[in-house]
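Counting from 4, one number per residue, gives the positions in the sequence shown under the working numbering.
Even for Gly, the Cβ is constructed at its ideal location relative to N, Cα and C.
So the structure is just underneath, and the comments pick up after that.
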Amino acid sequence: MRNKYFRRMKKNKSRGIQSTIMLVFSVISISIMLILGIVMYFRFSTLSRGKTIQSTEKLMEQAGENLEDYLVSMRQISDAVYYNVIKENDFSDQSDVIQQGMDLLYEANKGNLRSIAVYNGSGSLIAAEPVASQKEDTNVTRQGWYIQAMEKMENMHFSTPHIQNLFDDGTLRYYWVISLSRVAEFTIHGDPQIGVLLVDMDYFSISRMMRQINTLNNGQYYYLCDSNGQIIYHPRQIQISDGIASENSAAAAKYRDGVCEETFEGERRTVIVNTISYTGWKLVGVIPDSTFTHGMINVRYFIVMLMLLMVMTLVIIYRVVSVRISSPICRLNDSVMGYEAGGKPEIYIGGSSEIRYLGHSIQSSYEKIETLMKRSVQEQNERRKSELDALQSQINPHFLYNTLDSITWMVEGGRNDEAVFMISQLAKFFRISLSQGCTVISIKDELQHAESYMNIQKVRYKNSFSIVFDIDPDVCSCCTVKLILQPILENAIAYGVSGMDDCGEIRVTGRIQEGSVILSVTDNGIGMSQEEVRFLLTDSGRVRKHGSGVGLVNVNNRIQILFGKEYGISVESEPDEGTTVSVCLPAVPYTEENRKILEKGHIFNRDEMMNKEM
């Protein structure tokens with residue numbers, strides 16, 4: 004005992020030293036690689052983030068300048084119309100001159116303009132270009148651009164995008180515009196009056212500029228809003244209008260120009276704001292954090308490849324240093340894995356004394372386990388065989404006693420021919436029943452056994468019923484546990500047709516369906532209620548008025564013991580409609596090999612059955 008104790012202590016000690024060395028070396032190596040990888044990743048991430056923000060700021064600066072140039076040109080057009088045309092002429096006698104001046108300005112800038120119009124203080128149209136006709140019931144005094152101009156007369160006002168609904172050009176088209184409105188002082192018959200000058204800018208020009216910068220992104224996007232957060236342009240404007248998407252424009256309108264950090268709908272993102280001069284519009288660039296992450300994919304690949312290279316180097320070092328230590332352990336592990344995989348390789352015994360001792364122990368353990376498993380399987384098979392034999396033994400005595408009694412009565416009554424027939428059928432019956440001690444027989448023999456039984460019963464019951472066998476030939480070549488049809492037929496006679504006068508009929512059918520054999524016994528007898536059917540296979544302790552006293556529970560148990568719980572008996576019956584008892588068996592071909600396998604207690608699964616059929 005002491006020697007064994009010291010050997011174990013020595014083994015644990017050596018193993019502890021080896022584990023400590025390997026653990027320390029691994030921890031140090033992995034720590035260095037992780038620290039190096041993290042430092043490199045964050046360094047490159049910071050540089051990439053700064054570069055992305057810088058390029059976005061430059062792009063937004065250029066886009067802001069383009070927008071400002073466009074808006075300045077619109078203001079210049081408004082100034083030209085107001086100061087060079089409206090202020091210099093009287094609408095009462097110089098309307099042609101005014102119309103000509105507006106026409107010239109429109110033609111020179113029609114690529115960016117939709118219309119130019121002048122309204123008086125009551126909202127009536129005085130002049131417009133180009134105009135076919137003004138729509139009926141148009142009240143301009145209620146429109147935002149008119150109200151803004153009249154409330155703040157000293158300023159020009161840019162509206163948010165809206166559909167132009169003032170003029171009818173005959174095309175039945177709708178145009179999106181941005182209205183530039185201002186208070187205009189004009190003269191009619193020498194009297195000064197106050198009105199509103201409207202310049203409708205084509206929204207497509209601004210939309211085109213915004214689309215150009217939105218096509219140059221890698222996840223980030225840009226939108227335009229006014230000082231109140233009302234969106235002028237957004238790449239997902241339709242979704243926002245439909246309520247499918249949303250934008251943090253109200254908050255962005257309050258941001259100062261520059262770079263801001265925000266969280267919107269649970270997503271961290273960087274926001275860059277640039278105010279468009281005079282209008283108060285905000286050009287906003289949004290860079291989700293996922294954009295920075297996406298931009299770091301190549302960097303991550305580089306770091307991962309570098310880490311892999313270092314790991315490969317360490318693997319080589321580990322290989323050179325530990326091959327002598329690990330080789331015996333690996334060989335022992337391979338032999339153990341072979342055992343776990345179902346093989347029986349020889350357990351490796353070699354290397355250091357500790358490993359040799361471990362090999363001997365494992366080999367001894369496997370030998371003991373294998374012996375115990377064989378003993379357990381043998382005991383289980385014997386137990387199943389005993390259960391099956393016990394159930395089987397319940398059938399033969401009862402029928403034998405009744406049949407011998409019937410033969411005795413026939414001999415005593417001088418019915419010798421019937422007695423001879425009964426004896427011959429009884430001989431066939433018990434020849435198959437015995438089957439040289441076999442539990443598994445072919446369905447062909449089982450059907451012969453059932454036919455002999457029915458021939459005997461027809462004599463006993465004086466041909467008060469008929470029997471029909473309708474069997475698919477393929478069924479006859481499959482395996483079955485013996486004596487499964489006789490109890491079913493006995494119940495069909497006792498509970499179904501025994502009380503009928505020459506009109507009872509029993510039908511036996513056999514078919515193969517989806518890899519299973521279905522044997523059915525149908526009678527046209529009195530049937531039974533659903534409650535009786537429900538307890539027929541579960542209440543094995545109830546007392547029967549007739550028959551063997553064993554019934555369907557016995558048959559169902561024997562089938563499931565041999566073939567498994569997924570097979571067995573099912574019953575269908577209605578009062579006065581007869582009863583059908585169906586037996587489900589696996590379609591295992593009857594061969595001597597399969598019979599011996601089943602006799603030993605092996606249960607075929609569906610994959611094994613398919614392979615045998617192939």
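Can you pull the DSSP bridge partners for D203?
S118, S182
What number of angstroms, rounded off, separates the C-alpha of E602 from the C-alpha of L361?
40 angstroms
Which residues in the same chain as T483 place their Cβ atom closer than 6 angstroms to its Cβ, once the five residues preceding and following it in sequence are excluded?
I446, E449, L588
M340 classed as buried or exposed, judged by whether at least 16 other C-beta atoms fall within 10 angstroms
exposed
Beta-carbon within less than 6 angstroms of E577's beta-carbon, same chain only, minus the 5 sequence neighbours each way: which residues are those?
G530
Please determine if the region 227-243 and the region 187-200 are in contact, where contact requires at least 3 C-beta pairs separated by less than 8 angstroms.
no
Applying the 10 Å Cβ sphere with the 16-neighbour rule, what's the burial state of D203?
buried
Between the CA atoms of G193 and G104 - distance to the nearest angstrom:
20 angstroms
Tell me which same chain residues have a C-beta within less than 7 angstroms of the C-beta of M313, skipping the five on either side of it?
M36
Decide if L486 is buried, meaning its Cβ has at least 16 other Cβ atoms within 10 Å, or exposed.
Buried.
Under the assumption that S519 contacts S585 (Cβ atoms under 8 angstroms), give the Cβ distance between them as a whole number of angstroms.
Actually they are not in contact, since the Cβ atoms of S519 and S585 sit about 11 angstroms apart, beyond 8 angstroms.
Taking the straight line between their C-alpha atoms, what separation do you get for G618 and E343?
No answer is possible for residue 618: the residues shown for the chain start at 4 and end at 617.
Return the chain-ordered list of same chain residues with a C-beta closer than 6 angstroms to the C-beta of V500, the five sequence neighbours on each side being excluded.
F468, G507, D526, G528
For E575, the three-state DSSP class (helix, strand or coil)
strand
Does DSSP classify F432 as helix, strand or coil?
Residue state, collapsed to three classes: helix.
Reference V114; option with closest CA among V180, F267, I241, R46
Residue identity check: residue 114 is Gly in the sequence provided, not Val. Taking only the C-alpha atoms, the option nearest G114 is V180.
Answer yes or no: the CB of I119 versus the heavy atoms of the ligand GDP, is any distance below 8 angstroms?
Only the bare structure without any ligand can be found here, which leaves the ligand GDP out of the picture.
Mind pulling the beta strand (DSSP E) runs of 3 or more residues that sit fully within the region 52-96?
none
Give the single residue among Q146, N557, I241, A495 whose Cα lies nearest to the Cα of E575.
Nearest of Q146, N557, I241, A495 to E575, Cα basis: A495.
Using a threshold of 9 angstroms, state whether the C-beta atoms of I319 and I56 are closer than that.
no
With a Cβ-Cβ cutoff of 9 angstroms, do R598 and V423 count as a contact?
Cβ distance not < 9 angstroms, so R598 and V423 don't count as in contact.
For the region 41-51 and the region 252-260, state whether three or more C-beta atom pairs, one from each stretch, are separated by less than 8 angstroms.
no
Alpha carbons only, please: which of I474, E349, L375, E454 is nearest the one belonging to I365?
E349
Among G126, F305, D106, nearest to R117 - alpha-carbon criterion
Minimum Cα distance to R117 is reached at D106.
Can you check whether the CB of R271 is closer than 9 angstroms to the CB of M159?
no
Would you identify the three-state DSSP class for R514, choosing helix, strand or coil?
strand
On a Cα-Cα basis, can you pick out the residue from R185, Y404, D579 that is closest to I459?
Y404
Run of the alpha helix (DSSP H) containing G104, from where it starts to where it stops
98-112
Compute the Euclidean distance between the alpha carbons of A120 and T273, then round it to the nearest angstrom.
When rounded, the distance between both Cα atoms is 42 angstroms.
For I308, is the classification buried or exposed, using 16 other Cβ atoms within 10 angstroms of its Cβ as the cut-off for buried?
Note on identity: in this sequence residue 308 is Met, with Ile being the wrong assignment. Classification for M308: exposed.
Would you list the one or two residues that DSSP bridges to Y236?
L227
What are the boundary residues of the beta strand (DSSP E) that includes G283?
From DSSP, G283 is part of no beta strand (DSSP E); its letter is neither H nor E.
When the Cα atoms are used, what is the spatial distance from M156 to V186?
5 angstroms
Cβ-Cβ distance between D477 and T512 below 9 angstroms:
no
Where do the N-terminal and C-terminal ends of the alpha helix (DSSP H) with E264 fall, by residue?
Careful: E264 lies outside any alpha helix (DSSP H), inside the beta strand (DSSP E) at 261-267.
Are T59 and Q223 touching if we call contact CB-CB under 9 angstroms?
In this structure, T59 sits near Q223, with a CB-CB distance shorter than 9 angstroms.
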